[in-house]
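Novice: Heads up: the sequence shown runs through residues 1 to 170, numbered per this note's numbering.
Glycine included, every Cβ here is placed at the ideal spot set by N, Cα and C.
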Amino acid sequence: MNHSLLMLIVSDTSPLSSLFLIEKLDLLPALFGRIIIPRKVMDELSVLENIFQHDLSVLRQAPWLDVQKPKDDELVRKYSRLLDEGESEAIVLAKELHADYLLIDEKMGRIAAKQEGLRTIGVLGVFLLAKKHGHISQVKPLIDLLEIKARFFIKESLKLKVLELAGEQP
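1. Is the beta carbon of ILE136 less than 9 angstroms from the beta carbon of GLY122?
2. With distances taken between CB atoms, is the gap from PHE20 to VAL58 smaller than 9 angstroms?
3. How long is the line joining the alpha carbons of GLU156 and PRO170, rounded to whole angstroms?
4. Per DSSP, what are the beta-bridge partners of TYR101 in this structure?
5. Using the beta-carbon count (16 or more within 10 Å), is ASP84 buried or exposed?
6. How many Å lie between PRO141 and LEU75 at the Cα?
7. With DSSP as the reference, identify every bridge partner of VAL47, one or two as the case may be.
8. Could you name each continuous beta strand (DSSP E) segment of 3 residues or more that falls completely within the region 78-130, going from the start of the chain to the end?
9. Less than 9 angstroms between CB atoms is the rule here; does SER11 satisfy it with respect to chain B?
10. Please state if the CB of ILE22 and the CB of LEU65 are separated by a distance shorter than 9 angstroms.
See the structure below:
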């Protein structure tokens, strides 16, 4: 079953940058078709280019990535007191577009999104979906890459839970 799920997905910065750093961005269009991000997320991704000298042309030219601006500036400002601007705009945009999922990893951002009635999925959830739909054969090597190449912190208990859900050994 190698087709994308028909879902409206808005993404925060962290999942995109993590998947970029481990060279697995292709999982997003494979699973979801199109991803929508706010302008601030694209600005935050530019740090990878400006500071770490990564070539982001793959993201800038991605036909599956759509940049949109949230309309409710007041709600964005409200969240910006607690979260970074990318997270704030992503939450508001996901709410405005009635997104099926907000792709976000940070705990505070997930809590805020859930308070807005949004369903969230993180990069580990993307791995589980990718395995379920036959886009990858194993989750563990990708978790290892996340920790090493993207310096992504995963609590041991969460890692064990994800590997259990994937039917893999730690």
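Specialist: Short version:
1. Taking C-beta atoms as the reference points, ILE136 and GLY122 fail to come closer than 9 angstroms.
2. Contact flag set, yes.
3. In this structure, the alpha-carbon of GLU156 lies about 10 angstroms from that of PRO170.
4. Residue pairing by DSSP places TYR101 opposite ILE9 in a beta bridge.
5. ASP84 should be labelled buried.
6. The straight-line gap from Cα to Cα measures roughly 39 angstroms.
7. Per DSSP, none; premise fails for VAL47.
8. Within the region 78-130, the complete beta strand (DSSP E) runs of at least 3 residues are 101-103.
9. The chain inventory of the structure shown lacks chain B, comprising one protein chain alone.
10. Judged by their CB atoms, LEU65 and ILE22 are not nearer to each other than the 9 angstroms cut-off.
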